[in-house]
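Chains as they are written, first to last, in this note's numbering: chain A, 12 to 91; chain B, 8 to 431. Backbone N, C-alpha and C fix where the C-beta goes; we use that ideal spot for every residue, glycine too. Below: the structure, in structure tokens.
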């Protein structure tokens, strides 16, 4: 499946310990999606370009890769 | 003593590869990272594989490059990204040893000697590092492994991309000695020419050439390259947090247009001197030798330096001496294209100053206060928020921020250490 790089707004929780967990992501049209679970967190390069901390997220039963690239967030989107 | 295990890791055509990582579609077209043509420092800084196939060479002008390959895409450098990723990759190296010595943005030496007890086989670990850099940063690196830094560096150049070359005491004569002498660290164009005139073309010939002659004609550098060629480089990989003491602070600039006399140049020199003064203050230093360099449109360099009676880090004082030096060393018969100022013989900055009968201390105090106020305003509101009125006369000429626009990595193999410190 072809993937597309889409920068998104993200609502995060930063814990006392400094750890960051993405809670929601907000699509371009304002639609808010809850991140049900973060399955893994590793440094990775993305096939759509860029690299950073990759959060494999479960969103409404779908797995999506969300990346923290320097100070921005992007998703490997299935939608162009 | 047991031999060391030293890695030299090189990010293959670093700037171009980072751009490809950011924008994968660039992998399928000839692309190069190059300077700004309109700012007149337009040269190729790095190229991708397709550009290399088209014959593009690092260091050539953008015009030459376009002639060879009209479809070439040139991307302006994003230094902040290159610095960011190279630091992140260095952090990865630091997981394996506390001796990581960077050499420019794209290269580093790692001393793996002690880490073998933890990580085991050096080749396996080097392979693991290559794999991790690819997986985590999307970049290929090539590795050279040897018992000394000079051969490790040579090794990383032999197989690209993602290559690994191990140079041991058993195989170095076979691998290293047939290579041209110019491949060796510290053998530049001038040295190569001298060696050639004596019939020395390869590293092997250099290794077997009498050191006495090399020393006679090249001084200590002759001894150094002979030792390098024989694998006797015993210099250590610096500890990760080693910082070379600052020896001089300087800035240089290719001007947006050529200038025809000293008065026209003065505002641009002001900007350079302000940057140098501000950086000196950041380091808590002041210096007593001021040097200028000037390059004509014909690309010849002129330079002159002078010791001043009182060390300084005030832009007004640096400018005064710098302009005197420019006027003495350059007659503007050919318009001036580039200029630079630097301050050396640095001492820690004492806010107490030896008073002199012949200097106007009040003027000094005023100039220092102006500098400090400008630095504070700029650090808060940006470089262009405050400027000297004289820089408004010719805005394009003075519209550059030498302190903020460029991060210069002055690199030298000896990094402020002396030969007597046990390099060879």
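The CB of residue 29 of chain A never comes closer than 7 Å to any CB in chain B; the least such distance is about 17 Å.
As the crow flies, the alpha-carbon of residue 164 of chain B is around 26 Å from that of residue 76 of chain B. By DSSP's assignment, residue 117 of chain B forms a beta bridge with B:14 and B:107. When Cβ-Cβ separations below 8 Å define contact, residue 81 of chain A makes contact with chain B.
In this structure, DSSP gives residue 409 of chain B a helical state, which the three-state scheme calls helix. Within chain A, the C-beta atoms nearer than 7 Å to that of residue 91 of chain B come from 81, in chain order.
Annotation for residue 263 of chain B: 403 and 404 place their beta carbon closer than 6 Å to its own, counting only its chain and skipping 5 residues before and after. Across the set B:281, B:349 and B:407, the C-alpha of B:349 shows the shortest separation from the C-alpha of residue 310 of chain B.
Sixteen is the threshold: when 16 or more other Cβ atoms of the shown chains lie within 10 Å of the Cβ of residue 113 of chain B, as they do, the residue is buried. The Cβ atoms of residue 151 of chain B and residue 20 of chain B do not sit closer than 8 Å to each other. Residue 100 of chain B does not reach chain A, its nearest Cβ partner there being about 14 Å away, counting only Cβ pairs nearer than 9 Å. In the displayed model, residue 76 of chain B falls within coil according to three-state DSSP, outside both helix and strand.
Inclusion of residue 281 of chain B and residue 354 of chain B in the CB contact set at 8 Å is not warranted, their separation being larger than that value. Within a 10 Å sphere around the beta-carbon of residue 370 of chain B sit fewer than 16 other beta-carbons, which makes this residue exposed. Under the Cβ distance rule, residue 144 of chain B counts among the residues neighbouring chain A, one pair being separated by less than 8 Å.
In this structure residue 110 of chain B is buried. Its beta-carbon is surrounded by 16 or more other beta-carbon atoms within 10 angstroms. Chain order gives the chain B residues near residue 54 of chain A as 95, 99, 139, 142, 143 and 144, where near means a beta carbon separation below 9 Å.
For residue 94 of chain B, the enclosing alpha helix (DSSP H) starts and ends at 86–101. The residue from B:234, B:39 and B:208 with its alpha-carbon nearest to that of residue 219 of chain B is B:234. Taking C-beta atoms as the reference points, residue 13 of chain B and residue 148 of chain B fail to come closer than 8 Å.
The segment 384–398 of chain B and the segment 268–287 of chain B touch, with three or more beta-carbon pairs separated by less than 8 Å. Positions of the alpha helix (DSSP H) runs, each at least 4 residues long and wholly inside the segment 226–298 of chain B, are given as 227–236 and 269–289 in order along the chain. Against chain A, a Cβ distance below 9 Å from residue 309 of chain B picks out nothing, because the smallest value is about 42 Å.
Taking the C-beta atoms as reference points, residue 27 of chain A is found no nearer than 8 Å to residue 88 of chain A. Using a Cβ-Cβ distance cut-off of 8 Å, the segment 180–200 of chain B and the segment 225–245 of chain B are in contact, since at least three pairs of beta carbons, one from each stretch, lie closer than that value. Under the Cβ distance rule, residue 83 of chain B does not count among the residues neighbouring chain A, no pair being separated by less than 8 Å. Among the CB atoms of chain B, none fall inside 8 Å of the CB of residue 68 of chain A. For residue 28 of chain B, the nearest beta carbon of chain A is closer than 8 Å to its own beta carbon. In chain order, 49 and 83 place their CB closer than 8 Å to the CB of residue 43 of chain B, counting only its own chain and leaving out the 5 sequence neighbours on each side. The beta-carbon of residue 72 of chain A is placed no less than 8 Å from the nearest beta-carbon of chain B.
For residue 134 of chain B, there is no enclosing beta strand (DSSP E); the residue is found in the alpha helix (DSSP H) stretching over 129–144. In the DSSP annotation of this structure, the continuous segment of the alpha helix (DSSP H) that includes residue 198 of chain B starts and ends at 196–204.
Interface with chain B (8 Å Cβ-Cβ cutoff): residue 60 of chain A is included. Chain A has no Cβ within less than 8 Å of the Cβ of residue 168 of chain B. Annotation for residue 357 of chain B: no residue places its beta carbon closer than 6 Å to its own, counting only its chain and skipping 5 residues before and after.
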